[in-house]
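Under the numbering used here, residues 7 to 540 are what the sequence shown spells out, in order.
Quick reminder that beta carbons are idealized off the backbone N, C-alpha and C, glycines included.
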Amino acid sequence: MSRATGHTAAAEGQGGPPSQPRRGVRGHPWLTLLTLSVGAMMVSLDGTIVTVAQPAMQADLDASLTGIQWVTNGYLLAVAALLIAAGRLGDRYGHRTVFLVGAAGFTAASVAIGASGSLGWVITLRVLQGVFGALMQPATLGLLRTAFPAERLNMPIAVRSAVIAASTAAGPVVGGLLVEHASWSWVFFLNVPLGAIALALGATVLRDVRAERPPGRLDLTGMAVLGAALCLFVAGLATVADQGRPDGRTLALLAAALLLGAFFTWWERRTPDPLVPPRLFRSVRFSVGVLAMLAMSFVMFGAPFVLIFYLQNVLGLAPAESGVRVLGLTLLMIVGAPFAAMWISRSGPRAPVVAGLLVTAAAMCALSRLDAQSGTAETTLCFLLLGLGFSPVMVGATKLVITSAPVELSGVAGGMQQTAMQVGGSLGTATAGALVAAHAASALPAALAAEGARIAPGALDTAVRAVAVGLAPEPGTVDMAHAALTDISRTVFLEGMQHALLATAAVAALGAVAGLFAGPGRAGAEHPGRGRTK
Numbered sequence: 007m008s009r010a011t012g013h014t015a016a017a018e019g020q021g022g023p024p025s026q027p028r029r030g031v032r033g034h035p036w037l038t039l040l041t042l043s044v045g046a047m048m049v050s051l052d053g054t055i056v057t058v059a060q061p062a063m064q065a066d067l068d069a070s071l072t073g074i075q076w077v078t079n080g081y082l083l084a085v086a087a088l089l090i091a092a093g094r095l096g097d098r099y100g101h102r103t104v105f106l107v108g109a110a111g112f113t114a115a116s117v118a119i120g121a122s123g124s125l126g127w128v129i130t131l132r133v134l135q136g137v138f139g140a141l142m143q144p145a146t147l148g149l150l151r152t153a154f155p156a157e158r159l160n161m162p163i164a165v166r167s168a169v170i171a172a173s174t175a176a177g178p179v180v181g182g183l184l185v186e187h188a189s190w191s192w193v194f195f196l197n198v199p200l201g202a203i204a205l206a207l208g209a210t211v212l213r214d215v216r217a218e219r220p221p222g223r224l225d226l227t228g229m230a231v232l233g234a235a236l237c238l239f240v241a242g243l244a245t246v247a248d249q250g251r252p253d254g255r256t257l258a259l260l261a262a263a264l265l266l267g268a269f270f271t272w273w274e275r276r277t278p279d280p281l282v283p284p285r286l287f288r289s290v291r292f293s294v295g296v297l298a299m300l301a302m303s304f305v306m307f308g309a310p311f312v313l314i315f316y317l318q319n320v321l322g323l324a325p326a327e328s329g330v331r332v333l334g335l336t337l338l339m340i341v342g343a344p345f346a347a348m349w350i351s352r353s354g355p356r357a358p359v360v361a362g363l364l365v366t367a368a369a370m371c372a373l374s375r376l377d378a379q380s381g382t383a384e385t386t387l388c389f390l391l392l393g394l395g396f397s398p399v400m401v402g403a404t405k406l407v408i409t410s411a412p413v414e415l416s417g418v419a420g421g422m423q424q425t426a427m428q429v430g431g432s433l434g435t436a437t438a439g440a441l442v443a444a445h446a447a448s449a450l451p452a453a454l455a456a457e458g459a460r461i462a463p464g465a466l467d468t469a470v471r472a473v474a475v476g477l478a479p480e481p482g483t484v485d486m487a488h489a490a491l492t493d494i495s496r497t498v499f500l501e502g503m504q505h506a507l508l509a510t511a512a513v514a515a516l517g518a519v520a521g522l523f524a525g526p527g528r529a530g531a532e533h534p535g536r537g538r539t540k
């Protein structure tokens, strides 16, 4: 297949459209952004819409709680394991091709899941859906990188971030309506029109810009080892989130993941065509971008994991009411992203990333002071502040990552950005859940003993699990009046929540310190890159 040759801007980070004239809609930057936004919307919406459908799926498929959890876990593990490998495939074969394959496969898998009648098939197809979702995500960043020149890249990143935030927030609402008025299958059938639009636009609009440097061999060993390491790592953290504390299985999974990670590092330094070239991390700006994304996603996923129990089980809000309290977070991310892009265009990403993480840390400190009497205004203001912090970090960290890599590694860079979000989110969820559970296990017996109350034999673990999610233990497990037991349980939970939220604040502050090393000015030209179009 012949390819026309063109050149991207010589400076790294200026990997925009080639200099040859554009004909028709093929390669049009803003139509490219529209196409990629539809793909990002489909994947982001699916990430939260399925959660609402799980109770209906459990009843319809006669599934156990553990079984239905694998509907989500199987998808997440597939995505986490393959993001970087998918980015490398895009660098080699073209991000347009990988995006179209991902969109087609994601849509087909969605149809098959909706038509499935057994839990086993649903889980298997969700894993397959995760594989195709992993293909799409790095491709969107790789295609954005080559569609816009560096000086115009901030706003497209902001638009993409806003679409992801809006889709993630809309998932539970849309899912609830579909389950209530149709069935859980329509949660998956919804991807059919979105997939059709993404495929039609993608085939018409998208254009690849590939590196002139011929790609080396695919690092199949690196792909397998890294995929297995990430899969084991996320699976180990998931056991902490499910159980509230690590156990022998958790330690075994994490130990295996660390061993594979060490082998992967050794292998990448040895092989001539590594999956993740070590030279990427010689760029301080790239490393800072990855660390900032880790810190932000740690907070973004860890804090809500605890706060949703506070809103529903301590304040007694209905799911819809708790969603309204958190709405300010989403709105500020959507509205704030374009303003963050303009700020980054003027000053470069360092100041916005550092300021955003410091605001995030302040928001977490404010949230840690909430109690059982906190009102709507107080909680809403805290979530607004949190959204204000997230916006510049999301846009600035993404800009640092994808513009600090040469054009031929834009897919790997996009995969690293997405993997940082997955790993940071898993770490945040596991850490927050474990801190609350650990405090409940240590503080509840002492608090009950101080009141002269006794726990029924063998009921301590059950009582701790209840308190770790903001509930009072079941009647009969503790010889105490229910009202007094509820007060003690809430106090213990709120103390644990405070520890968890202050821990996330510390992580955000550490991310801000790392952001100081990004260097002043706009994203710089560290790696020259030339490209060819297809």
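{"Query": "Sub-9 Å separation of Gly181 and Thr54 beta-carbons", "Result": "yes"}
{"Query": "C-alpha gap between Gly342 and Thr130, whole angstroms", "Result": "38 Å"}
{"Query": "Limits of the alpha helix (DSSP H) - the one that Met486 falls within", "Result": "No alpha helix (DSSP H) contains Met486, which DSSP labels as neither H nor E."}
{"Query": "Neighbourhood of Asn197 by C-beta distance below 7 Å, restricted to the same chain and skipping five residues each side", "Result": "Met48, Asp52, Phe112, Thr113, Ser116"}
{"Query": "Residue range of the alpha helix (DSSP H) that includes Val193", "Result": "191-195"}
{"Query": "Residue range of the unbroken alpha helix (DSSP H) whose run includes Glu186", "Result": "160-187"}
{"Query": "Element boundaries [alpha helix (DSSP H), containing Gln424]", "Result": "416-456"}
{"Query": "Buried/exposed call for Ser70, threshold 16 Cβ in 10 Å", "Result": "exposed"}
{"Query": "Reference Trp36, options Phe287, Leu466, Leu149, closest by Cα", "Result": "Leu149"}
{"Query": "Through-space distance from Ala164 to Val179, alpha-carbon basis", "Result": "23 Å"}
{"Query": "C-alpha distance - Ala15 paired with Ala153, whole-angstrom precision", "Result": "Since pLDDT at Ala15 reaches only 36, below the 50 mark, its modelled position is unreliable, and the value read off the structure follows with that caveat. Taking the straight line joining both Cα atoms gives about 12 Å."}
{"Query": "Residue from Phe499, Leu500, Arg460 with nearest C-alpha to Gly482", "Result": "Arg460"}
{"Query": "Arg285 versus Asp225: straight-line alpha-carbon distance, rounded", "Result": "16 Å"}
{"Query": "Pairwise C-alpha distance: Gly417 and Leu95", "Result": "8 Å"}
{"Query": "Whole-angstrom distance between Gly208 and Pro27, CA atom to CA atom", "Result": "The pLDDT assigned to Pro27 is 47, lower than 50, so where the model puts this residue is not dependable; a value taken from the coordinates is nonetheless given after this. Roughly 20 Å separates the two Cα atoms."}
{"Query": "Rounded C-alpha distance that separates Thr366 from Pro310", "Result": "13 Å"}
{"Query": "Three-state class that DSSP yields for Ala346 in the structure shown", "Result": "helix"}
{"Query": "Where Val85 falls, given that 16 or more other Cβ within 10 Å makes a residue buried", "Result": "buried"}
{"Query": "Integer-rounded CB distance, given that Ala514 should sit under 8 Å from Ala301", "Result": "6 Å"}
{"Query": "Own chain residues within Cβ distance below 7 Å of Ala171, not counting five before or after", "Result": "Thr336, Met339, Ile340"}
{"Query": "Close beta carbons around Phe287, own chain, < 7 Å, minus the five adjacent residues each side", "Result": "Ser293"}
{"Query": "For Met142, the nearest candidate out of Arg356, Ala446, Ala110, Pro61 (CA to CA)", "Result": "Ala110"}
{"Query": "For Ala446 and Gly502, believed in contact at Cβ under 8 Å, the rounded distance", "Result": "6 Å"}
{"Query": "Ala462 versus Met427: straight-line alpha-carbon distance, rounded", "Result": "43 Å"}
{"Query": "Cβ-Cβ separation, Leu363 to Gly464 (assumed contact under 8 Å), whole Å", "Result": "Actually they do not touch by this definition, with Cβ atoms about 45 Å apart."}
{"Query": "For Ala69, the first and last residue of its enclosing alpha helix (DSSP H)", "Result": "Unbroken run through Ala69: none, as it is neither H nor E."}
{"Query": "Phe304 burial status per 10 Å Cβ neighbour count (16 or more: buried)", "Result": "buried"}
{"Query": "CB of Gly100 within 9 Å of CB of Pro144, strictly", "Result": "no"}
{"Query": "Own chain partners of Ala241 with C-beta closer than 7 Å, once the 5 adjacent residues on each side are dropped", "Result": "Leu83, Leu259"}
{"Query": "Host alpha helix (DSSP H) of Arg375 (start-end)", "Result": "Premise fails: Arg375 is in no alpha helix (DSSP H) and is neither H nor E."}
{"Query": "Validate contact between the region 343-362 and the region 393-413 using beta carbons, cut 8 Å, 3 pairs", "Result": "yes"}
{"Query": "Outcome for Phe523 when other beta-carbon atoms lying within 10 angstroms are tallied against a minimum of 16", "Result": "exposed"}
{"Query": "Residue range of the alpha helix (DSSP H) that includes Gly308", "Result": "290-315"}
{"Query": "Beta-carbon gap between Thr543 and Ile90 smaller than 9 Å", "Result": "Lying outside 7 to 540, the shown extent of the chain, residue 543 is not represented and no answer is given."}
{"Query": "Spatial neighbours of Gly395 in its chain, beta-carbon cut-off 6 Å, leaving aside the 5 residues before and after", "Result": "Gly362, Val365, Thr366, Ala369"}
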